[in-house]
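Step one of this worksheet: look at the structure below.
2 protein chains.
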Amino acid sequence: MTAAANQSGRRSTSRRLERAGIRDVAAAAGVSITTVSDALNGKGRLPEETRSRVREVAERLGYRPSAAARTLRTGRSGLIGLTVTTYGEEPFTFTEFAYFAEMARAATSAALGRGFALVVLPASSRHDVWSNIALDGTVVIDPPDQDPLVTELYRSGVPVVSDGKPGNCPVTAWVDNDHEAAVLDILDHLSEAGARRIGLLTGTSTDTYTRLSTEAYLGWCRRVGQEPVYETYPAHDPAAGAVAADRLLARPDRPDAVYGLFDPNGTDLLAAARRYGLRVPEDLLLVCCSESDVYAGTEPPITTLSLKPRKIGTTVVNLLIDAIEGVDAGSSGGQRAEGARLFPPRFRTAGTGPPPGTLMPTELIVRASSQRRSPRRTVSPPRSPGGG
Amino acid sequence: MTAAANQSGRRSTSRRLERAGIRDVAAAAGVSITTVSDALNGKGRLPEETRSRVREVAERLGYRPSAAARTLRTGRSGLIGLTVTTYGEEPFTFTEFAYFAEMARAATSAALGRGFALVVLPASSRHDVWSNIALDGTVVIDPPDQDPLVTELYRSGVPVVSDGKPGNCPVTAWVDNDHEAAVLDILDHLSEAGARRIGLLTGTSTDTYTRLSTEAYLGWCRRVGQEPVYETYPAHDPAAGAVAADRLLARPDRPDAVYGLFDPNGTDLLAAARRYGLRVPEDLLLVCCSESDVYAGTEPPITTLSLKPRKIGTTVVNLLIDAIEGVDAGSSGGQRAEGARLFPPRFRTAGTGPPPGTLMPTELIVRASSQRRSPRRTVSPPRSPGGG
DNA sequence: GACTCTTGGAGAAACGTATCTTCAGACCGG
DNA sequence: CCGGTCTGAAGATACGTTTCTCCAAGAGTC
């Protein structure tokens, strides 16, 4: 009894309307499974005629290769993890922030464009979920110093790219905004608009974004000779922002301009200003960091700083996939991550040296809230039949 | 030469700092791989002493079981797909709608809570991505009639649960809102608030939500004897909504109340009303379907209908996992999906009969825009030092 | 003392693919 | 006519688990 006969025998006895496997295709086409595999994957040396015949048979049988078997054999799952480690314990509060939602969306899209799928996994999630999924690589958002998850992933050979310059954990590459530059830009912008005392609404957490931004503000104050005026609050608490905004405007040394580091701060500050009878921008200049376009429709519209989450998400994923595909293959000539490379792309260097980092520019969207003179109209309003 | 020696020999010769496998653990602990597997998975008949010893060795070696091998062997990947098939071709425009974002978030969270991870896959994405991923089941949002993807998934034995009552494709189960009831509720609400002619802002697409809602409106008009006043636009076009809102209020038979089916309609209608000098709610009552809380802060706050995407997402995933775990195991007594079951849960019945459906209630959040008398205050405003 | 249970654990067969190696024959130049 | 190259394809192995089957030895039991 040959091995083939044995196999097909086993196969037929245990037949219980299972999906067709590569063996069934081979049997039906009268070829070996090697030939089927080669024909379907465009490998091997086969005449086009055999290829198309096998393809046809496979189609007819409704053959779908087993992703699990392929993953086991090739060591590649086509799956990328996306995780966020900071910002409280709840699994998904984080996508409430428009930044994360946008970033995740762009990341998903970029991954799919390169043949990878993205799965969102909070760091706090059950360990069995993490270990039950074959990941080719992971994107980590804002890893804190000494993040154990990142360290373990890196140790086990999984490429890790972080959104946010990593504090002290080993990553394959990272992408971040130049937060110092962005804050200084805003402060200058507010100064030019006539601000004399600029306040800051910031967070209590120790992630890189909050820390760098606050430090940039304090440094600017020192340099310019202004006494810092700021209030902090736990950024993941949605109610605390309004209270902090109120506190900031209730101070005896009330600022005449405020920059809020977090998305809801614009609304919070606007409401607080109203309560105190402050007109925006006449009495108070306002800027906040946000990806939401509701600030184009508020009264008045509020100037926002965009961290360009779409660009970040796309770049992060492309860097990660570059690393994944670079692990065993050299430069494959595919589409690569773009951006201002700080270092040459040396992936997975076992030696010393910092991981390659990329800085993405931010964008200040200037609206009425930060200009004493109303901004030039760039878009004409729709026809106004009611007159006006 | 025994098989074990052969294996370990092969192992050691090809050793190139690979991850430790179950064989390495077995060798180090001086037991068989069967024992290791049983010890780590809590199966078999082993004394606690052996179990803990094996666990310890595994820990020491940093052993992580291969998810791919486990998936191949058990036939379960722990992965659930989430896909949307309607709403244009672009892969991810859909998460721009707060409904989908919320729903996806809740779904992800619910899946993780039960040990599954969720991967977002647009139906339009490259076929190789779909076939490269082992999915235990799929959630489909708003499947159109005769959706080929759903049909193929169902045929290949993958459980499919849909958000939105499926038109004509076979699903394991579905969850939806009672859209007719919701629309009728709103129309009654507006009538009670004094509306004489209620308009509708609706979409041009043929998905269930748009169709059912529009039909409910038309039926209501017929019953009440009001001439329908509505405008349609392609819902996935962000700019078209404002134009349609404008059109609706520019009509000679201008409505004195409007219900907008889509999230941005509230803002659009408010802006249009302003342009026409219409006061809300005095001259125009406004309701729109939205999950965004920006409508609590608009001037005036706008009454919204929530479709409870979090509840839907949670329920859909729970139903799906019930089906997945019910395929081979009977009632496992785990946490099950809740909700108003329309049919007893008969999963994967090959026979006739409709798939089990669940209707989730909607919630009307009444705000100033739909009441001629200002609503009772339910929350007192924060202290107002500025007076007022 | 021969017998059944029970306990603790080993062996080996899958799971379904990709790929490395081998091999038969065709073709070809000399 | 013969060694070499090239083409088309088959065989067998490995990927790393889980699990089914089976066995040895000790503990009761009559």
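Going down the list, the protein sequences come from chains A and B.
Quick note: to get the numbering used here, add 10 to the position in the first sequence (first position is 1).
Quick note: to get the numbering used here, add 10 to the position in the second sequence (first position is 1).
Think of the CB as a built atom: it goes at the ideal place given N, C-alpha and C, for glycine as much as any other residue.
Give the residues of chain A in contact with residue i, contact being defined as C-beta atoms less than 7 Å apart.
{"i": "B/T277", "result": "G307"}
I need the DSSP call for residue i, collapsed to helix, strand or coil.
{"i": "B/L163", "result": "helix"}
{"i": "A/M267", "result": "Note that residue 267 of chain A is Ala in the sequence shown, not Met. The answer is strand: DSSP assigns A/A267 an E or B state."}
{"i": "B/A431", "result": "Residue 431 of chain B is absent from the model: chain B starts at 11 and stops at 398."}
{"i": "B/V130", "result": "strand"}
{"i": "B/A281", "result": "helix"}
{"i": "A/C231", "result": "helix"}
{"i": "A/E99", "result": "A caution first: A/E99 carries a pLDDT of 48, below 50, which makes its placement in the model too unreliable to give a value."}
{"i": "B/G398", "result": "The pLDDT assigned to B/G398 is 31, lower than 50, so where the model puts this residue is not dependable; a value taken from the coordinates is nonetheless given after this. In the structure shown, B/G398 sits in coil (DSSP, three-state: anything other than H, G, I, E or B)."}
{"i": "A/L211", "result": "strand"}
{"i": "A/A205", "result": "coil"}
{"i": "A/D195", "result": "helix"}
{"i": "A/Y243", "result": "strand"}
{"i": "A/G323", "result": "helix"}
{"i": "A/I151", "result": "strand"}
{"i": "A/G19", "result": "Low confidence applies here, because A/G19 scores a pLDDT of 41, under 50, leaving its location unreliable; read the following figure in that light. DSSP places A/G19 in helix when its eight states are reduced to three."}
{"i": "A/E301", "result": "coil"}
{"i": "B/L374", "result": "strand"}
{"i": "A/T313", "result": "strand"}
{"i": "B/I143", "result": "coil"}
{"i": "B/G287", "result": "coil"}
{"i": "A/N328", "result": "helix"}
{"i": "B/R29", "result": "coil"}
Can you check whether the CB of residue j is closer than 8 Å to the CB of residue i?
{"i": "A/G469", "j": "A/V129", "result": "Any question about residue 469 of chain A goes unanswered here, given that chain A covers just 11 to 398."}
{"i": "A/S87", "j": "B/A250", "result": "no"}
{"i": "B/Y305", "j": "B/G276", "result": "yes"}
{"i": "B/V149", "j": "B/I90", "result": "yes"}
{"i": "A/G270", "j": "A/C231", "result": "no"}
{"i": "A/L92", "j": "A/A117", "result": "yes"}
{"i": "B/G287", "j": "B/T218", "result": "no"}
{"i": "B/S43", "j": "B/A49", "result": "A small correction: the amino acid at residue 43 of chain B is Ile; Ser does not occupy that position in the sequence shown. Not in contact: B/I43 and B/A49 (Cβ atoms no closer than 8 Å)."}
{"i": "A/P319", "j": "A/Y164", "result": "no"}
{"i": "B/T325", "j": "B/I375", "result": "no"}
{"i": "B/P365", "j": "B/A183", "result": "yes"}
{"i": "B/L259", "j": "B/A282", "result": "yes"}
{"i": "B/H246", "j": "B/S223", "result": "no"}
{"i": "B/D263", "j": "B/L294", "result": "no"}
{"i": "B/L211", "j": "B/A254", "result": "yes"}
{"i": "B/F272", "j": "B/G235", "result": "no"}
{"i": "B/L200", "j": "B/S379", "result": "no"}
{"i": "B/P274", "j": "B/V290", "result": "no"}
{"i": "B/S141", "j": "A/P75", "result": "yes"}
{"i": "B/A30", "j": "B/Y73", "result": "yes"}
Quick one: list the residues of chain B neighbouring residue i, beta-carbon separation under 9 Å, in chain order.
{"i": "A/S8", "result": "Past the edges of chain A, shown from 11 to 398, lies residue 8 of chain A, and the structure says nothing about it."}
{"i": "A/L200", "result": "Residues of chain B passing the Cβ test: none, with the nearest at roughly 23 Å."}
{"i": "A/L222", "result": "None at all; the shortest Cβ gap to chain B is about 28 Å."}
By the criterion of Cβ-Cβ separation under 7 Å, what are the contact partners of residue i in chain B?
{"i": "A/S87", "result": "A78"}
{"i": "A/L399", "result": "There is simply no residue 399 of chain A to check, as chain A begins at 11 and stops at 398 in what is shown."}
Anything in chain B within Cβ reach of residue i, meaning under 8 Å, just list it in chain order.
{"i": "A/G125", "result": "R136, D138, V139 and N142"}
{"i": "A/P92", "result": "Before going on, a small fix: residue 92 of chain A reads as Leu here, not Pro. Neighbours of A/L92 on chain B: none; closest Cβ ~10 Å, over 8 Å."}
{"i": "A/L330", "result": "Chain B residues near A/L330: none, gap ~16 Å exceeds 8 Å."}
What whole-angstrom Cβ distance do residue i and residue j have, given they're in contact under 8 Å?
{"i": "A/G177", "j": "A/D155", "result": "4 Å"}
{"i": "B/L330", "j": "B/V171", "result": "4 Å"}
{"i": "B/V185", "j": "B/I322", "result": "6 Å"}
{"i": "B/V327", "j": "A/L122", "result": "21 Å between Cβ atoms; not a contact."}
{"i": "B/G229", "j": "B/R382", "result": "Contact doesn't hold; Cβ gap of about 26 Å is too wide."}
{"i": "A/T372", "j": "A/A192", "result": "4 Å"}
Run through chain A and tell me which residues come within less than 8 Å of residue i, C-beta to C-beta.
{"i": "B/L317", "result": "Those within 8 Å of B/L317 in chain A number zero; the least Cβ separation is about 18 Å."}
Tell me whether residue i counts as near the ligand MN, meaning its Cβ is closer than 7 Å to at least one heavy atom of that ligand.
{"i": "A/V168", "result": "By its list of ligands, the structure shown contains no ligand whatsoever, and the ligand MN lies outside what it can speak to."}
- Task: Check distances from the C-beta atoms of the stretch 136 to 147 of chain A to those of chain B and list, in chain order, the residues that come in under 7 Å.
- Result: R136, D138, V139, S141, N142, I143 and A144
- Query: Mind listing which residues of the stretch 65 to 80 of chain B have their C-beta closer than 8 Å to chain A's C-betas, in chain order?
  - Reply: G72, R74, P75, S76, A77, A78, A79 and R80
- Query: Taking any Cβ of chain A, which residues in the stretch 280 to 305 of chain B have a Cβ under 7 Å from it, in chain order?
  - Reply: R285, Y286, G287 and V304
- Item | Residues of the stretch 32 to 55 of chain B whose Cβ lies closer than 8 Å to any Cβ of chain A, in chain order | none
- the stretch 150 to 175 of chain A: which residues have C-beta closer than 9 Å to a C-beta of chain B, in chain order? E162, R165, S166 and G167
- Compile a chain-ordered list of the residues in the stretch 364 to 376 of chain A whose CB is closer than 8 Å to at least one CB of chain B. Here the close residues number zero.
- Message: To be precise: take each residue of the stretch 232 to 266 of chain B, compare its Cβ to all Cβ atoms of chain A, and keep it if any distance is under 7 Å. Which residues remain?
- Response: D256 and A260
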